[in-house]
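Only one structure is covered here, and it is reproduced in the block below.
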C-alpha cells in the first residue's frame with residue numbers, strides 16, 4: 001500500500017472501523033484469558049452525542065483498547081436507557097404537534113407511539129459512537145426495556161416485595177407538575193433563588209382584647225383598631241389555603257401570649273389552632289410557623305404528630321384545586337403574584353422582604369417541584385446501604401479520584417427510602433394487581449397474579465379481567481441499577497457461564513452527578529443478587545465546560561457538535577483534544593484549539609513515518625557511531641516511558657499517560673532520535689539502524705493506539721504487509737523493561753550541551769553549514785557521546801582544553817564549562833555593539849534592584865521570600881554583567 005503525502009482522517013477512519021467490525025475484533029466470548037469487562041453507562045434512547053458522552057466514551061475506549069493489547073479478553077457492552085420521563089415528554093410533544101392529547105389515547109395506543117419513537121431514534125447515539133472509534137461488542141447491544149432486561153426488572157421487584165423491602169403507602173413525595181409524576185430525592189436539584197419573604201397577619205380568633213400589654217419579652221402585634229394578630233413569614237403565600245395550624249416553640253418568650261389561642265388564616269378565614277413544638281426555629285422570621293401538612297415534608301410530620309387535617313390545594317399540574325376554595329384553576333406562580341396584591345388590599349400583609357433561598361427543581365423538566373402527599377411504591381434502603389458502604393470505604397472497590405468516597409459515605413449514612421413509582425406509561429409497569437374486594441397481589445406475570453389472587457381470596461372463579469394492574473411504572477433507575485448483572489442474564493439465569501466469567505466487571509466510567517442515582521444503587525444490587533461488587537474501579541469524569549468555565553449547554557450555544565469536530569479534526573484529533581484536558585474528577589475546560597493540537601500531532605506522526613519509509617536502506621553502508629549511541633539511548637528511553645505509562649494507567653491518570661507518550665514521540669523520537677540517525681542528504685541508511693527504528697516506531701504505535709486508534713492502525717498496517725484480519729488493536733505490547741538509567745541520565749546532559757551550541761549559532765547568526773569547534777574546559781563528562789554532539793551541532797571537533805579561547809562563547813552545563821571559539825565566524829564590531837547594549841540594559845536593571853534593596857522600609861517590611869528573590873535577581877544580574885564585560889574585553893583583545 002502506498003502512503004498518501006498528507007494524512008486525511010476521512011480516508012482512514014471509516015475504512016478501519018469497518019475492518020474491525022468485519023473481522024469481529026470487538027467481539028468477546030468467555031475463554032481462558034483474563035476478562036476485562038466494561039458496561040457502558042446507557043445513554044437515553046432519545047439522545048444524541050454530546051461532549052459529555054464524547055469524554056466518557058473516549059475514556060472507556062482507551063481502557064478497553066489498552067486491555068486488549070495486554071492480552072485480556074476485553075468485553076465492552078453497549079446499550080441504551082428507556083428514560084421514562086424524557087422519552088414520554090418527547091412523545092407527548094410529538095403527539096401534541098399532531099393535535100393529539102395523551103389523555104385521548106389508551107395506554108396501549110400511547111405505548112405504540114412510544115415504541116415507534118424509540119425505533120426511529122433509539123440507535124442514533126450508538127451509531128454516532130462508532131464515529132468516535134468506540135470498540136464496543138455491538139452484538140451485545142442491550143436496551144433497558146428489551147425482553148430480557150424487562151423480565152429481570154419484574155423478577156427483582158417481586159423478589160424484593162416478597163422480602164418485605166418494597167412497600168406501598170401515602171407519603172410526602174417530590175412532585176413534578178410538568179411531567180406529572182413523583183420523583184426521588186436524587187432527581188431534585190436545589191438552586192439558589194432570589195425570591196421574597198412575605199410577612200402575613202394571622203388575626204386571633206374570638207379576640208377578647210385582653211392583655212393590653214404583653215408580658216415581659218412577648219411581642220404582641222395590634223392593628224389600628226387594637227385587634228391582635230400573629231405574623232407568619234413565608235416564601236409561599238399561595239399555600240395558605242392549605243394551612244391547618246400555626247406552630248410556635250414552647251420556649252419562645254415572644255410568642256407565649258399565643259398559647260392556647262386560635263388564629264384566622266388570612267383571606268381564607270379558616271380558624272386554626274396554635275400548636276407548640278420545639279421543631280420551630282425561634283430565630284427564623286417571627287418564630288410563628290404556618291403548618292400546611294399536604295405541601296411541606298416537615299409540616300406533614302407535624303400534622304401526623306398532632307393529628308391535623310390535610311388539605312391538598314394543588315392539582316397534579318400545579319394549578320389550584322377545588323379544595324383551595326380560592327384562585328381555583330390558576331397556576332401556582334400566578335397565584336403568588338395575585339395573592340400578594342390581595343393580601344395588601346385586605347390589610348393582611350405586614351411587609352415583604354427580599355430573600356434568598358434554595359428551591360428544588362426537577363432534574364428532568366427543570367420546573368420547581370411541589371411537595372405532595374401521594375400513594376407511591378417505596379424501596380427500603382437501609383438494608384442496601386449497610387451492604388454498600390463498607391467495600392467502598394475499605395477500598396475493596398476503588399473510586400478515582402478518592403475524594404468521592406466522602407460524597408458516597410454521606411449519602412449512604414443519611415439514606416432515605418427510594419420512591420420507585422412514576423405516574424407514567426412509558427417504562428416497566430409495576431407488577432401489582434388490585435383485587436375486586438380490595439388489596440392486591442404482586443407477581444411477574446398476569447397468570448401468576450391470577451393464581452395468587454385466587455389463593456388470597458379463596459375464590460377459584462376469579463377471572464383475569466377481575467384484576468386491575470397498577471397504572472404506574474417504575475423509576476428508570478430501577479432497571480439500570482441491575483445493568484452489570486442483567487447484561488449477562490444474571491437475574492433470570494443466575495450462575496450462568498457469562499455472569500460467572502464477566503462479573504464483576506472491571507472498570508466503570510461515569511460522571512459524579514449520578515453517584516447516587518446509579519453508582520451506589522448498582523453496588524447495592526450487586527451485593528444483593530451476586531453477593532459481590534459489580535465493578536472493581538469507578539473512574540469519575542469531570543464536567544465538560546467551555547474555555548470560560550461555563551457548563552456546555554444548548555441554551556448557551558457553547559457546546560460544539562461532536563460530529564462536526566470529528567469532521568474537522570478527525571476522531572483521533574478530537575480524542576486527543578478531550579484527553580489532554582481531562583484529569584479524573586476535575587472539570588474539563590474544552591477548547592477547539594486542543595483538537596487542533598491533536599490534528600497537528602496526527603500530522604507529525606504521519607510525516608515522521610513518511611520520512612523513515614522514504615530512506616534508502618543498505619546493508620553495505622557502515623553504521624555511524626552517532627546512530628549506535630542514539631539507538632542505545634532511545635531503547636532505554638522508550639522503556640522508561642512505557643513503564644511510566646503502565647503506572648499511570650494503573651492509577652487512572654490517563655491524561656498524564658497520553659502526555660508522556662506525546663512527549664516521547666514529539667520530543668524524544670522526532671526531535672532527537674530521528675535527527676541523530678538521519679543519513680546525509682541522498683545517502684542510504686544502515687539496515688540495522690533502519691530496522692531498529694521501525695521497531696521503535698512499532699512500539700510507539702502500540703503506546704499511542706488506545707488514545708489514537710485510527711492513524712496508528714493505518715501506519716501499523718504500512719510497516720509490513722499484514723495478513724487479512726491482523727490488527728494493531730489485538731497486537732500485544734511487547735517492550736523490554738531493561739533500562740540503562742545512567743546512560744539515559746548522561747544523555748540529558750548531552751541534550752543540554754547540544755541546545756546551548758545551537759543557541760550560540762542562532763544568537764551569533766552563524767550558518768548551519770559552517771562547522772564549529774566545541775571546547776570542553778577540563779574533563780569531558782560526556783566524551784562517549786562526542787559523535788552525537790558533533791553530528792547534531794555540525795562540529796569539526798570536540799576538544800579538551802585547560803582554558804577557553806579568547807572571545808569564545810561560553811556556557812555551563814552542570815559544573816563543566818564549554819566554549820565555542822568564534823574566530824572569524826562573526827563581525828566583531830557588531831557583536832561588541834550587541835553585547836554593550838545588553839550590558840547597558842542589565843546595569844540599568846541592577847540599579848533598580850539595588851535601589852529597592854537600599855530602601856530600609858522595604859527591607860524591614862518585605863516577606864523573607866520576596867527579599868530572597870530580590871537578592872537572587874541582584875546576584876544573577878551581577879554575574880551576567882561580569883560575563884558580558886569579560887566577553888567584550890576578550891573580543892577587543894582578539
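Residue numbers (the UniProt record's numbering): 1 to 894.
Where a beta carbon is used, it is the ideal one built from N, C-alpha and C, also for glycine.
>> On the DSSP bridge list, what partners appear for residue 545?
In response: Reading the chain shown from its first residue, position 545 is the one you call residue 545. DSSP output for residue 545 lists 551, 589 as bridge partner(s).
> Which class does residue 366 belong to by DSSP, given the choice of helix, strand or coil?
Replying inline: Taking the chain shown and counting its residues from 1, one reaches residue 366 at position 366. It is coil, neither helix nor strand.
>> I believe residue 623 touches residue 689 by the beta-carbon criterion, under 8 Å. Please report the beta-carbon distance rounded to the nearest angstrom.
In response: The residue given as residue 623 occupies position 623 in the chain shown. The residue given as residue 689 occupies position 689 in the chain shown. Taking C-beta atoms under 8 Å as the contact rule, residue 623 and residue 689 qualify, at a distance of about 6 Å.
> Looking only at DSSP bridge pairs, what is residue 377 linked to?
Replying inline: Along the chain shown, one-based indexing puts residue 377 at 377. Answer is 168, bridged to residue 377.
> Just reading off the beta strand (DSSP E) that residue 74 is part of, what are its end residues?
Replying inline: Residue 74 sits at position 74 when you count from the first residue of the chain shown. Segment 73 to 77, the beta strand (DSSP E) holding residue 74.
>> The alpha helix (DSSP H) that contains residue 124, what's its start and end?
In response: What you label residue 124 is simply residue 124 of the chain shown in a count that begins at 1. Element bounds for residue 124: 124 to 132.
> For residue 425, which option in 250, 844, 105 has the closest C-alpha, if you only look at C-alpha atoms?
Replying inline: Position 425 of the chain shown, counted from the first residue, corresponds to residue 425. The candidate whose alpha carbon is nearest that of residue 425 is 105.
>> Let's see if you can read the secondary structure: which residues bound the alpha helix (DSSP H) around residue 201?
In response: Numbered from 1 along the chain shown, position 201 holds the residue referred to as residue 201. Residue 201 -> not in any alpha helix (DSSP H); beta strand (DSSP E) instead, spanning 188 to 204.
> Are the C-beta atoms of residue 440 and some chain B residue less than 8 Å apart?
Replying inline: Going by chain labels, chain B is absent from the structure shown, which holds only one protein chain.
> Looking at residue 241 and residue 219, is the spacing between their C-beta atoms short of 8 Å?
Replying inline: Working through the chain shown from its first residue, we reach residue 219 at position 219. Working through the chain shown from its first residue, we reach residue 241 at position 241. Taking 8 Å as the Cβ cut-off, residue 219 and residue 241 do not qualify as a contacting pair.
>> Mapping the DSSP letters down to three states, classify residue 722 as helix, strand or coil.
In response: Position 722 of the chain shown, counted from the start, is the residue given in the question as residue 722. If DSSP states are grouped into helix, strand and coil, residue 722 belongs with coil.
>> With a threshold of 8 Å on Cβ separation, who are the neighbours of residue 48 within its own chain once the five nearest residues in sequence on each side are excluded?
In response: For the purposes of this step, residue 48 is taken as the residue at position 48 of the chain shown. If we look at residue 48 and ignore the five residues flanking it on each side, its Cβ neighbours are 124, 125, 128.
> Can you pull the DSSP bridge partners for residue 421?
Replying inline: Position 421 of the chain shown holds residue 421. Its beta-bridge partners are 474.
>> Could you tell me the alpha carbon to alpha carbon distance between residue 301 and residue 422, rounded to whole angstroms?
In response: Taking the first residue of the chain shown as position 1, residue 301 is located at position 301. Taking the first residue of the chain shown as position 1, residue 422 is located at position 422. Between residue 301 and residue 422, the C-alpha separation is close to 23 Å.
> From what residue to what residue does the beta strand (DSSP E) around residue 94 run?
Replying inline: Stepping through the chain shown from its first residue, residue 94 is reached at position 94. Here residue 94 belongs to no beta strand (DSSP E); instead the alpha helix (DSSP H) covers 84 to 97.
> Is residue 394 helix, strand or coil by DSSP?
Replying inline: What you label residue 394 is simply residue 394 of the chain shown in a count that begins at 1. Residue state, collapsed to three classes: coil.
> residue 112 to residue 82, Cα distance in whole Å?
Replying inline: Your numbering for residue 112 matches position 112 in the chain shown. Your numbering for residue 82 matches position 82 in the chain shown. Distance between the alpha carbons of residue 112 and residue 82: 14 Å.
> Per the contact definition of three or more C-beta pairs closer than 8 Å, is the stretch 584 to 599 in contact with the stretch 692 to 706?
Replying inline: no
>> Assess contact between the stretch 278 to 286 and the stretch 337 to 344, defined as three or more Cβ pairs (one per stretch) separated by less than 8 Å. Is contact present?
In response: no
> Going by beta carbon distance, what residues of the same chain come within less than 8 Å of residue 661, once the five residues before and after it are set aside?
Replying inline: In the chain shown, the residue the question calls residue 661 occupies position 661. If we look at residue 661 and ignore the five residues flanking it on each side, its Cβ neighbours are 641, 645, 700, 703, 704, 707.
> For residue 220, does the three-state DSSP call read helix, strand or coil?
Replying inline: Mapped onto the chain shown, residue 220 falls at position 220. Three-state DSSP puts residue 220 in coil, outside helix and strand.
>> As a quick exercise: from 26, 73, 96, 198, pick the residue whose alpha carbon is nearest that of residue 36.
In response: To locate residue 36, count along the chain shown from 1; it is residue 36. The shortest C-alpha separation from residue 36 is found at 73.
>> Buried or exposed, going by whether 16 or more other CB atoms sit within 10 Å of the CB of residue 638?
In response: Working through the chain shown from its first residue, we reach residue 638 at position 638. The residue in question, residue 638, is buried, as its Cβ has 16 or more Cβ neighbours within 10 Å.
> What are the complete alpha helix (DSSP H) segments, minimum 4 residues, inside the stretch 455 to 513?
Replying inline: Entirely contained in the stretch 455 to 513, the alpha helix (DSSP H) runs reaching 4 residues are, in chain order, 477 to 480, 483 to 486, 497 to 502.
> In or out: residue 5 buried (at least 16 other Cβ within 10 Å) or exposed?
Replying inline: Here residue 5 is taken as the residue at index 5 of the chain shown, counted from 1. Per the 10 Å Cβ criterion, exposed.
> Going along the chain, which residues of its own chain have a beta-carbon closer than 7 Å to the beta-carbon of residue 497, five neighbours each way excluded?
Replying inline: Within the chain shown, numbered from 1, the residue matching residue 497 stands at position 497. Result list for residue 497: 30, in chain order.
>> How far does the alpha helix (DSSP H) with residue 288 in it extend, from its first residue to its last?
In response: For the purposes of this step, residue 288 is identified with residue 288 of the chain shown, where counting begins at 1. Unbroken run through residue 288 is the beta strand (DSSP E), 288 to 291; no alpha helix (DSSP H).
>> Our contact map puts residue 217 next to residue 254 with C-beta atoms below 8 Å; I'd like the distance itself, whole angstroms only.
In response: As a first step, residue 217 must be located in the chain shown, where it is residue number 217. As a first step, residue 254 must be located in the chain shown, where it is residue number 254. Confirmed, Cβ separation roughly 6 Å.
> From what residue to what residue does the alpha helix (DSSP H) around residue 639 run?
Replying inline: Looking up residue 639 in the chain shown gives position 639. First-last of the alpha helix (DSSP H) with residue 639: 625 to 650.
> Looking only at C-alpha atoms, which of 591, 134, 293 sits nearest to residue 18?
Replying inline: Mapped onto the chain shown, residue 18 falls at position 18. Residue 134 holds the alpha-carbon nearest to the alpha-carbon of residue 18 among 591, 134, 293.
>> Can you tell me whether residue 369 is buried or exposed? The criterion is at least 16 other CB atoms within 10 Å of its CB, across all chains shown.
In response: Position 369 of the chain shown holds residue 369. Counting Cβ neighbours within 10 Å, residue 369 comes out buried, since at least 16 surround it.
>> Counting C-beta neighbours from all protein chains within 10 Å, is the total for residue 62 16 or more, i.e. buried, or is it exposed?
In response: Taking the chain shown and counting its residues from 1, one reaches residue 62 at position 62. Looking at its Cβ environment, which holds 16 or more other Cβ atoms inside 10 Å, residue 62 is buried.
> What residues are listed by DSSP as bridge partners for residue 429?
Replying inline: Within the chain shown, numbered from 1, the residue matching residue 429 stands at position 429. DSSP lists 473 as partners of residue 429.
>> For residue 513, which residues in the same chain have their Cβ closer than 6 Å to its Cβ, ignoring the five residues on either side in sequence?
In response: Along the chain shown, read from residue 1 onward, the residue named residue 513 stands at position 513. Closer than 6 Å at the Cβ level, and outside the excluded window around residue 513, lies no residue.
> In the DSSP assignment, what residue or residues form a beta bridge with residue 351?
Replying inline: Taking the chain shown and counting its residues from 1, the one referred to as residue 351 is at position 351. 199, per the DSSP bridge assignment.
>> If I follow the unbroken beta strand (DSSP E) through residue 767, where does it start and stop?
In response: Start at 1 with the first residue of the chain shown, and residue 767 comes out as number 767. Looking at the DSSP string, residue 767 is not in any beta strand (DSSP E), and its letter there is neither H nor E.
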